[in-house]
Amino acid sequence: MAITDAPRGAGRATPNAIESALAQFDRAADHLDLAPETRAILRVPKREWTVNFPVSMDDGHVEVFTGYRVQHNMARGPAKGGIRFHPATDLDEVRALAMWMTWKCALVNVPFGGAKGGVTVDPRKLSQNELQHVTRRFATELQGVIGPEIDIPAPDVGTNAQTMAWIMDTVSMHAGYTVPGVVTGKPVGLGGSEGRADATGRGVMFTAQRALREAGIDMNGATVAVQGFGNVGEAAARLIHEQGGKLVAITDVGGGVANPNGLDPAALKLRLSEHGTIAGAPGTEPIDNAGLLSADVDLLVLAALEGQITANNADAVHARVIAEGANGPVTPDADPILADRGIVSVPDILCNSGGVIVSYFEWVQNLQSFAWPADQVAERLRQVINGAYDEVSAMRQRDGIDARLAAQAIAVARVAEATQIRGRYP
Ligand code: NAD
-11 MAITDAPRGA GRATPNAIES ALAQFDRAAD HLDLAPETRA ILRVPKREWT VNFPVSMDDG
49 HVEVFTGYRV QHNMARGPAK GGIRFHPATD LDEVRALAMW MTWKCALVNV PFGGAKGGVT
109 VDPRKLSQNE LQHVTRRFAT ELQGVIGPEI DIPAPDVGTN AQTMAWIMDT VSMHAGYTVP
169 GVVTGKPVGL GGSEGRADAT GRGVMFTAQR ALREAGIDMN GATVAVQGFG NVGEAAARLI
229 HEQGGKLVAI TDVGGGVANP NGLDPAALKL RLSEHGTIAG APGTEPIDNA GLLSADVDLL
289 VLAALEGQIT ANNADAVHAR VIAEGANGPV TPDADPILAD RGIVSVPDIL CNSGGVIVSY
349 FEWVQNLQSF AWPADQVAER LRQVINGAYD EVSAMRQRDG IDARLAAQAI AVARVAEATQ
409 IRGRYP
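Each residue of the sequence shown is one higher than the last, beginning at -11 in the working numbering.
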C-alpha cells in the first residue's frame, strides 16, 4: 500500500473522526444513563470559529488559508487543545479532536475543558518564513478566542515548539506585554516546561508498560512496531527502546523501515533530520503501513493520525497490545473485532494524555513564574497517568467493560457533574 499524506481508514468507507467521537460518547452516555439534557449539551461544541485569511508567500503571490478553532466544553476550566497543520484538516476533524480533549482533560483530572484548532495546509510545502506568516496571522484571527484563562493551544500534527513561540509572541505583541501562559509546548527558553517535548511519548511508554504487564509481557524484550515518528512516535520509540523494547518496524509519511534484529531510534532520528523521512535508513528493509499494522509484535504503537485500524483491517492485526498514541487511531467498528481476538488497546484519551498533563504543569509554572526541574516533571507525570490508569482498570473490572468505555465513562461523568452543578444561565 502506498503511504499518503492523509491516511483515513486506508481510504475505505469507515466512520470519520467526528462519527467515531460521537459513537464513543453515546456509548459512554448510555452506560452512565446520562440525563437527556446533559447528553444534548455535551454532544455538541460550545463554540467554533472558521477563519479565512490571506498570507503573502515568498514569491509575492497571496494565498488564502482556512483555519478552525473549536471549544467543545469549558465546564471544568479554560479550554485546552493543540493546533494541527495538515492538508486534510477540516471542521469536523477539529470538532472530534476538541471533544476528545474534553474527555482527556477530565480523565486525568486537570482543570481544563477541551478545544482543538487547525489550518488546512501542508507545512512541508511552506518555507519557514511562510509558516511563520501563516501562524502569526492565524493567531491574530484568534485574538480574544485564545488566552491563558480562555483557551490554551499546544502543538499537534505539523506544529511544534517554534509554532507555539510565534503564537505566544503574536499574542504578546497585541497585548503589549508578555503572555507566556497563552500556549504550552513552548521552547524551554521561552517558559516552556522541561519534559514537555517528550511528555506524550513518555505517557505512551508508561501506559503501554502497564498494559503489557497485565498481558503477562515484560517491556524489556518485547517486540514493538510504531506508526509515526514525530513528536509522539519518536519519543515513544526512544523511551520504549530505553526500557529494553525491541523496535522491529516503524513508518512515517515517507515510508517505513523494518529489522527483526531491532532498529536504533537515534540513527533513525538522524536519518529523519537529514532526509525528511526515516525511509531508506541503512541496514533496514522497507515496510508499508499495511505491513506494519499487521506485524506479529507484542506492542503496536499508533502515533500518526486517526482512522488507522477500522473494521476493514482489524482482522489483520496481530499485535498483543495496542497503544493509542494518536487521537482516534482505532474506529469504534474495529473495537469489538480486536476485543474478540484478545487484543488489548490502551485508549487514546488515556494513552496520549501525557502531553496535556505536562501542558497543565507548564501552564501552572507560567502562572506562578516558576520552573520545575525535569525529574520532578517526569515523576509527577508518572503519578498522574498511572493514577488515571488505575481508575480505568478499577472501573473496567467493576462494570465488566472495556478500557475505552471505562475511560470515556469516567471522563463524561466528571464533565456532566460539573455541568449539572454549575446549573443553567440565565
Ligand atoms: P507530528 O506531526 O510530530 O508527527 C506525525 C507523524 O506521523 C510523522 O512522523 C509523520 O510522518 C507521520 N505520518 C503522517 N502520515 C503518515 C502515514 N500515512 N503513515 C505513517 N506515518 C504517517 O505529530 P504528533 O504531535 O506526533 O501527533 C501524532 C498523533 O498524536 C496525532 O494523532 C496527535 O493528535 C496525537 N497527539 C499528539 C500530542 C502531542 O503532544 N504532540 C498529544 C496527544 C496526542
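Every residue, glycine too, gets a C-beta built ideally from N, C-alpha and C.
Can you give the Cα-Cα distance for residue i and residue j, rounded to whole angstroms?
i       : j      : result
PRO75   : ARG386 : 43 Å
GLU379  : ASP284 : 30 Å
ILE205  : ALA304 : 21 Å
GLN131  : GLY179 : 21 Å
SER8    : PHE100 : 22 Å
ASN148  : GLY70  : 10 Å
GLN396  : ALA84  : 14 Å
PRO320  : THR195 : 21 Å
GLY164  : THR158 : 10 Å
PRO(-5) : LYS113 : Residue placement at PRO(-5) cannot be trusted, given a pLDDT of 43 that sits under 50; the coordinates are not used to answer.
ASP286  : LEU393 : 23 Å
ILE134  : ALA255 : 39 Å
ALA269  : LEU288 : 21 Å
LEU258  : GLY343 : 24 Å
PRO274  : THR108 : 30 Å
ARG57   : PRO136 : 15 Å
SER181  : GLN120 : 22 Å
ARG412  : GLU25  : 11 Å
TRP88   : THR54  : 22 Å
ALA302  : GLY316 : 14 Å
ALA416  : PRO361 : Because the chain in this structure spans residues -11 to 414, residue 416 falls outside the shown range and cannot be described.
THR(-8) : PRO111 : In this prediction, THR(-8) scores a pLDDT of 38, lower than 50, which makes its location untrustworthy; the coordinate-derived value is nonetheless stated afterwards. Looking at the two C-alpha atoms, the distance is approximately 15 Å.
HIS49   : ALA127 : 21 Å
Secondary structure at residue i, three-state DSSP: helix, strand or coil?
i       : result
PHE53   : strand
SER44   : strand
ASP336  : helix
ASN247  : coil
PHE73   : strand
LYS234  : strand
ILE(-9) : Here the model assigns ILE(-9) a pLDDT of 34, short of 50, so the residue's position is not dependable, and the following value carries that caveat. It is coil, neither helix nor strand.
LYS174  : coil
ASN277  : helix
LYS113  : helix
THR147  : coil
GLY135  : strand
TRP91   : helix
ALA203  : coil
GLY(-3) : Any answer about GLY(-3) is weak, because its pLDDT of 41 lies below 50 and its placement is not dependable; what the coordinates show is given next. Residue state, collapsed to three classes: helix.
ASN374  : helix
PRO270  : coil
THR265  : coil
LEU256  : helix
PRO141  : strand
GLN197  : helix
ILE331  : coil
GLN296  : coil
THR211  : strand
Using alpha carbons as the reference points, say which of the options lies closest to residue i.
i      : options                        : result
GLU230 : ALA210, ALA246, GLN120, ALA237 : ALA210
PRO141 : ALA359, SER115, LYS68, LEU260  : LYS68
LEU369 : PRO253, ASN340, ALA203, ASP144 : ASN340
PRO335 : ASP390, GLN356, ARG64          : ASP390
ILE373 : ARG198, SER44, THR272          : ARG198
LEU290 : ALA302, TRP91, VAL318          : VAL318
VAL171 : GLU51, MET156, SER181          : MET156
VAL309 : ASN4, PRO66, ARG15, LEU200     : LEU200
ASP363 : SER357, PHE349, LEU10          : PHE349
GLY189 : PRO42, VAL346, HIS60, SER357   : VAL346
THR265 : ILE238, ASN249, GLY271         : ILE238
THR38  : GLU202, GLU129, LEU280         : GLU129
SER261 : ASP139, ASN277, GLY242, ASN249 : GLY242
PHE41  : GLY48, ALA63, ARG35, ARG124    : ARG124
Contact defined as beta carbons within less than 8 Å: I believe residue i pairs with residue j. What is the distance between those atoms, to the nearest angstrom?
i      : j      : result
GLY221 : VAL214 : 5 Å
PHE217 : GLY146 : That belief does not hold up - the Cβ atoms of PHE217 and GLY146 are roughly 14 Å apart, past 8 Å.
GLY169 : ASN354 : 4 Å
ALA399 : LEU95  : 4 Å
ALA223 : ASP186 : 4 Å
ASP18  : ASN117 : So it is not a contact: roughly 51 Å between Cβ atoms.
SER160 : THR151 : The pair is not a contact, with the Cβ atoms about 15 Å apart (cut-off 8 Å).
GLU81  : GLY106 : 7 Å
SER333 : HIS306 : Not really, about 14 Å apart at Cβ, beyond 8 Å.
ALA366 : GLY183 : 5 Å
ILE297 : ALA314 : The pair is not a contact, with the Cβ atoms about 11 Å apart (cut-off 8 Å).
ASN4   : GLY295 : 7 Å
LEU30  : THR272 : Not quite, the Cβ-Cβ distance comes to about 46 Å (not below 8 Å), so this is no contact.
LYS92  : ILE331 : 22 Å between Cβ atoms; not a contact.
Any idea which residues DSSP pairs residue i with across the strands?
i      : result
GLY189 : None, per the DSSP bridge assignment.
ALA103 : GLN59
LYS34  : Paired residues: none, contrary to the question.
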